[in-house]
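Asker: Here it is, the structure, as C-alpha cells.
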Amino acid sequence: DDAIAVALHTALTHLDRRNTYVRMLFIDYSSAADLVIELSQTHKAKPDLTNLVFGTVFSDHMLTIEWTSAGGWQKPHVKPFGNLSLHPACSAMHYAVQLFEGMKAYRDADDKVRLFRPMLNMNRMAKSAERACLPAFDREELVQCIRRLVQVDLEWVPKSDSASLYIRPTFLGTEPSLGVKKPSHALLYVILSPVGSYFSTGAKPVSLWADSKYIRAWRGGTGDCKMGGNYGASIYAQDEAVDYGCQQVLWLYGDDHQITEVGTMNMFLFWNNEKGEEELATPPLDGIILPGITRQSILELTRKWGEFKVCERYLTMADLRCALKESRVKEMFGSGTACVVSPVGRILYQGENLHIPCQEDFPQLASRLMKELTDIQVRSHPTGHRHQFNVYSTLVERNLIQPVCAQ
Numbered sequence: 007d008d009a010i011a012v013a014l015h016t017a018l019t020h021l022d023r024r025n026t027y028v029r030m031l032f033i034d035y036s037s038a039a040d041l042v043i044e045l046s047q048t049h050k051a052k053p054d055l056t057n058l059v060f061g062t063v064f065s066d067h068m069l070t071i072e073w074t075s076a077g078g079w080q081k082p083h084v085k086p087f088g089n090l091s092l093h094p095a096c097s098a099m100h101y102a103v104q105l106f107e108g109m110k111a112y113r114d115a116d117d118k119v120r121l122f123r124p125m126l127n128m129n130r131m132a133k134s135a136e137r138a139c140l141p142a143f144d145r146e147e148l149v150q151c152i153r154r155l156v157q158v159d160l161e162w163v164p165k166s167d168s169a170s171l172y173i174r175p176t177f178l179g180t181e182p183s184l185g186v187k188k189p190s191h192a193l194l195y196v197i198l199s200p201v202g203s204y205f206s207t208g209a210k211p212v213s214l215w216a217d218s219k220y221i222r223a224w225r226g227g228t229g230d231c232k233m234g235g236n237y238g239a240s241i242y243a244q245d246e247a248v249d250y251g252c253q254q255v256l257w258l259y260g261d262d263h264q265i266t267e268v269g270t271m272n273m274f275l276f277w278n279n280e281k282g283e284e285e286l287a288t289p290p291l292d293g294i295i296l297p298g299i300t301r302q303s304i305l306e307l308t309r310k311w312g313e314f315k316v317c318e319r320y321l322t323m324a325d326l327r328c329a330l331k332e333s334r335v336k337e338m339f340g341s342g343t344a345c346v347v348s349p350v351g352r353i354l355y356q357g358e359n360l361h362i363p364c365q366e367d368f369p370q371l372a373s374r375l376m377k378e379l380t381d382i383q384v385r386s387h388p389t390g391h392r393h394q395f396n397v398y399s400t401l402v403e404r405n406l407i408q409p410v411c412a413q
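Just so it is clear: in the sequence shown, position 328 is 334 by the working numbering, and no numbers are missing.
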C-alpha cells in the first residue's frame with residue numbers, strides 16, 4: 007500500500023542512519039518515495055500517430071537516478087527531457103559499459119494505462135547489470151519510479167489500438183577514467199517514446215538474409231543480455247542485408263548453421279516436425295539467445311492452449327530447407343516488445359530464396375498470437391489483469407504526491 011510505504015519512509019528517516027539496515031535502504035537503493043519531480047514549463051506537440059517512425063519522438067520528461075560507490079543510489083528525479091552531461095572519459099562511451107531495456111505502456115478501452123509484465127524486464131535488466139559490473143538496484147522501486155514517470159507524461163500514451171508508449175530504461179557506467187575497470191559511477195535513466203508499427207511494412211511479412219559469416223552472439227559471451235554493443239555490432243550485417251534486398255538478418259551459429267534470432271527478435275517456427283507432429287519451435291536459452299518477454303509470453307500462451315507441441319529446440323537451415331521441400335512448414339515469425347509478432351515471408355540463403363508459406367497474408371498462428379497478446383496488453387482478454395501493472399495511482403487520485411516544479 008502506497009500510504010503505508012510513505013509512513014514507513016517517514017519513520018525510518020528519524021532512525022540512526024549508522025544502522026546497517028537503514029543504510030541499506032537509504033544508500034544502497036533509491037526509493038520511489040524519495041522521487042523529486044520537476045515539471046517542464048513547455049510542452050511538445052503530440053505527433054500524428056499515422057506517421058510515427060519508431061523511436062524518433064520523445065515525451066516531455068525523463069527519469070534519472072545517479073549512483074556512486076561512495077554514496078550509493080541518489081534520489082530519483084523526474085525532470086524535463088534533455089541532453090545528458092557526461093565526462094569525456096565516460097566508460098560507457100569508451101568500453102560499452104552499458105545496457106538497456108524495452109517495455110511498453112498501453113491505454114485500454116476504459117482509458118486506463120498499464121505496463122505489460124514489467125518485473126520480467128526488471129529481472130532481465132538486473133541480470134544484464136550484473137554481467138556489465140553495474141550496481142544492483144531495487145527492481146520493484148524502479149518499476150514504481152517508471153510508473154510515476156508515465157503518470158507525469160500520461161497524455162503521451164496513445165489513444166489507439168495500434169500504438170503505445172515505448173519505455174526505454176538505460177543504464178550507463180559513467181566512470182570518469184580511461185581505465186578498463188568496474189565503474190565507481192553510474193547513471194540509470196528512462197525515456198519515453200510514442201510508437202506505432204516497428205517495421206515500415208506494418209504487419210506484412212518481412213524478408214531475411216541468412217549468412218554464416220556474421221555471428222550475433224556466442225556461448226560465454228553477452229548474447230543473452232540486452233547490451234548496446236550487441237546491437238551496434240549488428241548494423242554492418244544489417245546494411246548488407248538491405249543491399250541484398252532483405253529487411254533483416256537471420257542470425258546463424260556454428261558449422262551446422264543453427265537458426266538463432268531474427269534481426270532484433272526471437273524466432274519461432276510452426277511446422278510439422280520430423281516425426282510428423284504439429285509443433286511450435288524456438289531455439290533454447292543456451293546463452294546466445296536473448297530471453298525475450300514476448301517469447302516467454304508466447305510459450306506460456308501456446309502451452310496453455312494445448313493444441314500442438316511447443317518445444318525449445320535447436321533448428322538448423324538444413325532442417326528448414328528440408329521441411330520446406332517436404333511442405334511441412336506452416337509459418338515462421340519473430341517476436342519482440344517493439345513488433346510483438348512479425349511474420350517472415352522470405353529468406354535469402356546461399357543464393358536461394360526460400361519462400362515461407364502464407365507470405366501474402368498475415369499467417370494464421372501469428373495473427374492469433376498478435377490478437378491475443380494485444381488483448382492481454384489492453385486488458386480486453388479475460389486473463390489480462392494477471393500480466394498488467396497499473397500506472398494510474400490512488401496516491402495521485404488523492405493528491406498525496408506533490409510534484410516539485412521548477413522555479
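Even for Gly, the Cβ is constructed at its ideal location relative to N, Cα and C.
Taking Cβ to Cβ, would you say LEU193 is nearer than 9 Å to TRP73?
Answerer: Result yes, Cβ atoms of LEU193 and TRP73 sit closer than 9 Å.
Asker: Residues in its own chain within less than 8 Å of PRO200 by CB, not counting five upstream and five downstream?
Answerer: Around PRO200, the same chain offers LYS52, PRO53, LEU55, LEU58, VAL63, SER65, TRP162, VAL163, PRO164, ALA169, SER170, LEU171 and TYR172 as residues with beta carbons nearer than 8 Å, after the five sequence neighbours per side are excluded.
Asker: Taking all protein chains shown into account, do 16 or more other C-beta atoms lie within 10 angstroms of the C-beta of TRP79, making it buried, or fewer, making it exposed?
Answerer: buried
Asker: Just to confirm my understanding: we take VAL402, look at its own chain, exclude 5 residues before and 5 after, and list those with CB closer than 8 Å. What are they?
Answerer: Since pLDDT at VAL402 reaches only 30, below the 50 mark, its modelled position is unreliable, and the value read off the structure follows with that caveat. Closer than 8 Å at Cβ, skipping near neighbours: GLN157.
Asker: Reducing DSSP to helix, strand and coil, say where GLY340 ends up.
Answerer: strand
Asker: HIS263 lies in the beta strand (DSSP E); which residues open and close that run?
Answerer: That residue, HIS263, is in no beta strand (DSSP E); it is neither H nor E in DSSP.
Asker: So, for GLU332: in the same chain, excluding its five sequence neighbours on each side, which residues have a beta-carbon less than 6 Å away from its beta-carbon?
Answerer: none
Asker: From this set, TRP224, GLN150 and PRO94, which residue's C-alpha is nearest GLY179's C-alpha?
Answerer: PRO94
Asker: First and last residue of the beta strand (DSSP E) that includes ASN359?
Answerer: Looking at the DSSP string, the run of the beta strand (DSSP E) that includes ASN359 is 358-361.
Asker: Would you mind reading off the limits of the beta strand (DSSP E) that contains THR70?
Answerer: Boundaries of the beta strand (DSSP E) around THR70: 67-74.
Asker: For GLY185 and ALA102, I'd like the C-alpha separation in whole angstroms.
Answerer: Cα to Cα, GLY185 sits roughly 13 Å from ALA102.
Asker: Figure out for me which residue from ASP159, LYS110, LYS188 and ASN278 has the closest Cα to the Cα of LYS50.
Answerer: ASP159
Asker: For MET128, which of ALA115, PRO175 and GLY88 has the nearest alpha-carbon?
Answerer: PRO175
Asker: Which residue wins for smallest C-alpha separation from LEU69, given the options GLY282, ARG319 and PHE87?
Answerer: PHE87
Asker: Taking 6 Å as the limit between beta carbons, can you name the residues of its chain near PRO409, skipping five residues before and five after?
Answerer: For PRO409, the predicted model reports a pLDDT of 33, less than 50, meaning its position is unreliable; a value from the coordinates is still stated below. Once the five neighbours on either side are set aside, the close Cβ partners of PRO409 are ILE43 and LEU45.
Asker: Just verifying my parser: in three-state terms, what is the DSSP assignment at SER46?
Answerer: Coil.
Asker: Which two residues bound the contiguous alpha helix (DSSP H) that contains ALA243?
Answerer: 241-249
Asker: Buried or exposed: LEU121, going by 16 or more other Cβ atoms within 10 Å of its Cβ?
Answerer: buried
Asker: Output needed for SER341: all residues of its chain with C-beta closer than 7 Å, excluding positions within five of it in sequence on either side, in chain order.
Answerer: MET271, ASN272, PHE274, GLY298, THR300, ARG301, ILE304 and VAL347
Asker: Taking the straight line between their C-alpha atoms, what separation do you get for SER76 and CYS139?
Answerer: What sits at residue 76 in the sequence shown is Ala, not Ser. The alpha-carbon atoms of ALA76 and CYS139 are separated by roughly 16 Å.
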